[in-house]
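Step one of this worksheet: look at the structure below.
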Amino acid sequence: MNILTKPKPAAPAKRPLTPGQRREINWGLIFLSPWIVGFLIFTAIPMVVSLVMSFTNYNPIQADATRFVAFQNYGRIFDDPQVFNAVGVTLRFVLISVPLSIILPLGLALLVNAKQLLGKNVFRTLFAMPYMIPVVAGVMVWGGILNSDSGWLNRFLQWAFGVCKARNGCKTKIGF
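Under my numbering, residues 9 to 184 are what the sequence shown spells out, in order.
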């Protein structure tokens, strides 16, 4: 050991988890489990199956004739002229769209925040409207559906089950 190097300090000993910490971890895993199951079913497993199938000559019409072909499918990529055309189109798209999708919004943000711009609030409202309109429309639709006086869900519950609001005491029968 050299005099210029210091020995590494020993790592602190890990303390065992308390019952409260263990319970908190378990609840966290319980709340994460729907996402984990969805990720496994809809993302991880299909990716692994696709990777495995890429090494076979799978044909859905003749599934029984499937056999392992190793890298033969990947070798065919370099013989196909359409692949190079598709890669070229994709690269052109990326080289045009990515800079535009960065420069244009940045320029608009700088313009809207400029001190000399008249009607700054109008422009900010116009930029925010595409995000607000669907939310407002959804609130209006669901407000109509769940309306206690005239909503179709309330009318259906009254008709089907005799459920009614407490204000009128079910004195009127609604028929369709």
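From the three backbone atoms N, C-alpha and C, an ideal C-beta is built for every residue, glycine too.
All of these numbers come straight from a predicted model, not from anything done at the bench.
Judged by DSSP secondary structure, Gly170 falls outside any alpha helix (DSSP H); it is assigned neither H nor E. Pairing Val77 with Phe92 gives a Cβ-Cβ distance that is not under 8 Å. Shown here, Phe86 sits in coil according to DSSP, grouped into three states, outside any helix or strand.
Spanning the alpha carbons of Glu32 and Ser109 requires a straight line of approximately 42 Å. Within the segment 118-161, the complete alpha helix (DSSP H) segments of 4 residues or longer fall at 128-153, listed in chain order. Partner residues in a beta bridge of Phe39, as assigned by DSSP, do not exist. Collapsing the DSSP output to three states places Phe76 in a strand.
Inside the segment 22-68, DSSP marks whole alpha helix (DSSP H) runs of 4 or more residues at positions 27-47 and 53-61, from first to last along the chain. If you draw a straight line from the Cα of Asn34 to the Cα of Pro54, it is about 28 Å long. Close CB contacts of Asp87 within its chain, under the 6 Å cut and outside five residues either way in sequence, are absent. Scanning its chain for C-beta atoms nearer than 7 Å, with the 5 sequence neighbours on each side dropped, one finds no residue around Pro142.
With respect to Phe131, Val120 sits close: the two C-beta atoms are nearer than 8 Å.
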